[in-house]
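Novice:
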Amino acid sequence: MTQPDIRPQYHSRDTKAGRLIWDVRKLIKLAHDLPIKKVPLVQIAEIDENWWYQDGEVPSVRSFVHHTQLMEAADLSYPVLLCAEGRLMDGMHRVAKALMQAKPRIQARQFPKTPPPDFRDVALSDLNYH
Numbered sequence: 000m001t002q003p004d005i006r007p008q009y010h011s012r013d014t015k016a017g018r019l020i021w022d023v024r025k026l027i028k029l030a031h032d033l034p035i036k037k038v039p040l041v042q043i044a045e046i047d048e049n050w051w052y053q054d055g056e057v058p059s060v061r062s063f064v065h066h067t068q069l070m071e072a073a074d075l076s077y078p079v080l081l082c083a084e085g086r087l088m089d090g091m092h093r094v095a096k097a098l099m100q101a102k103p104r105i106q107a108r109q110f111p112k113t114p115p116p117d118f119r120d121v122a123l124s125d126l127n128y129h
């Protein structure tokens, strides 16, 4: 199954080596041939972390509604992406939808080796979202 074209988006992670950032569209292409497995939602640590609001962004009703709309539109037939350590790299709206539907597991593709980041120590607001 081929994932449809998606809007430009990025996964970022603060590490000891600085902020690492991956282009999600590139990750999806790299993961295309990885096997799909069922991952228990309880293993997705990011469910209990601040995932969407970074760099001082404050949650608002408008942003909550926006994320809710993205959750409703999320297609659970597309697997989420996990790095080699099992951390989520793409698919939080799908994870949230599965959580809202009380599903115990979600489909995932996991990199055996995490791909190198596309950017390092760049503000997310400086990246191309068009």
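According to numbering that gives the first Met the number 0, the sequence shown is numbered sequentially starting from 0. We put the CB at the ideal spot given by N, CA and C, even for glycine.
Does the distance from the C-beta atom of LEU26 to that of ASP120 stay below 8 Å?
Specialist: No.
Novice: Can you grab the Cα-Cα spacing for the pair GLN106 / GLU84, in whole Å?
Specialist: Their Cα atoms are separated by approximately 16 Å.
Novice: Would you call the CB atoms of VAL60 and ARG104 closer than 8 Å?
Specialist: Result no, Cβ atoms of VAL60 and ARG104 do not sit closer than 8 Å.
Novice: For ARG12, report the span of its alpha helix (DSSP H) as first-last.
Specialist: Per DSSP, ARG12 belongs to no alpha helix (DSSP H); it is in the beta strand (DSSP E), 9-14.
Novice: Start and end of the alpha helix (DSSP H) containing VAL121?
Specialist: Per DSSP, VAL121 belongs to no alpha helix (DSSP H) and is neither H nor E.
Novice: Determine, using beta carbons only, whether LEU87 and LEU81 come nearer to each other than 8 Å.
Specialist: Yes, these two residues count as a Cβ contact at 8 Å.
Novice: Taking the beta strand (DSSP E) that ARG42 belongs to, which residues open and close that run?
Specialist: Correcting the residue identity first, residue 42 is Gln in this sequence and not Arg. Looking at the DSSP string, GLN42 is not in any beta strand (DSSP E), and its letter there is neither H nor E.
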